[in-house]
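Novice: Residue numbers (this note's numbering): 49 to 195.
Dropping the structure here:
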């Protein structure tokens, strides 16, 4: 008969079930938050075989996004994810280019946007003082070439 003071045999195994539970909870948290971390405006970019633009040190490029509805979004200012007017884009770009004239200026337009809207966005950027404007595109190698 065992006495209450008798020592029990030590178990030399690790119970991994709690660790698996924690790992699965973390996996779910990362899966839910990952899509929320993407920044910017949802734009389906056109495909093109273009060389990447050289980065300017200590300068974040200005990106003017034009979504499928023709709304303008600028990555400068407090409301980067809200549509803005052409006059507000002109004002913000002029301020940034006045402080840092070498800042690259890019247009990120949805491929469904009419050409006239893209040209209008470029005119607004030129009126703000942008001398050189680049286009953001997706690589061509993942897109079939139209015949």
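Just so you know, even glycine gets a beta-carbon here, dropped at the ideal spot from N, CA and C.
Report the rounded CA-to-CA distance for residue 114 versus residue 177, giving the unit in angstroms.
Specialist: Taking the straight line from one Cα to the other gives about 19 Å.
Novice: Considering Cα atoms alone, identify which of 160, 124 and 183 is closest to residue 170.
Specialist: Checking every option, the nearest Cα to that of residue 170 belongs to 183.
Novice: Would DSSP call residue 186 helix, strand or coil?
Specialist: Three-state DSSP puts residue 186 in a strand.
Novice: Between which two residues does the alpha helix (DSSP H) harbouring residue 169 extend?
Specialist: Residue 169 -> alpha helix (DSSP H) spans 163-175.
Novice: With a CB to CB cut of under 8 Å and the five nearest residues on each side skipped, what residues in its chain are close to residue 181?
Specialist: Hits under 8 Å: 153, 154, 155, 170, 173 and 174.
Novice: May I ask you to report which of helix, strand or coil DSSP gives residue 157?
Specialist: Here residue 157 sits in strand by DSSP.
Novice: What number of angstroms, rounded off, separates the C-alpha of residue 128 from the C-alpha of residue 117?
Specialist: Each residue's Cα considered, the two are about 17 Å apart.
Novice: To the nearest angstrom, how far is it from the Cα of residue 185 to the Cα of residue 109?
Specialist: So the two alpha carbons sit approximately 15 Å from each other.
Novice: Let me know the secondary structure DSSP gives residue 114 once reduced to three states.
Specialist: The answer is strand: DSSP assigns residue 114 an E or B state.
Novice: DSSP three-state label for residue 62, please.
Specialist: Three-state result, residue 62: coil.
Novice: Tell me the rounded alpha-carbon separation between residue 72 and residue 136.
Specialist: Between residue 72 and residue 136, the C-alpha separation is close to 46 Å.
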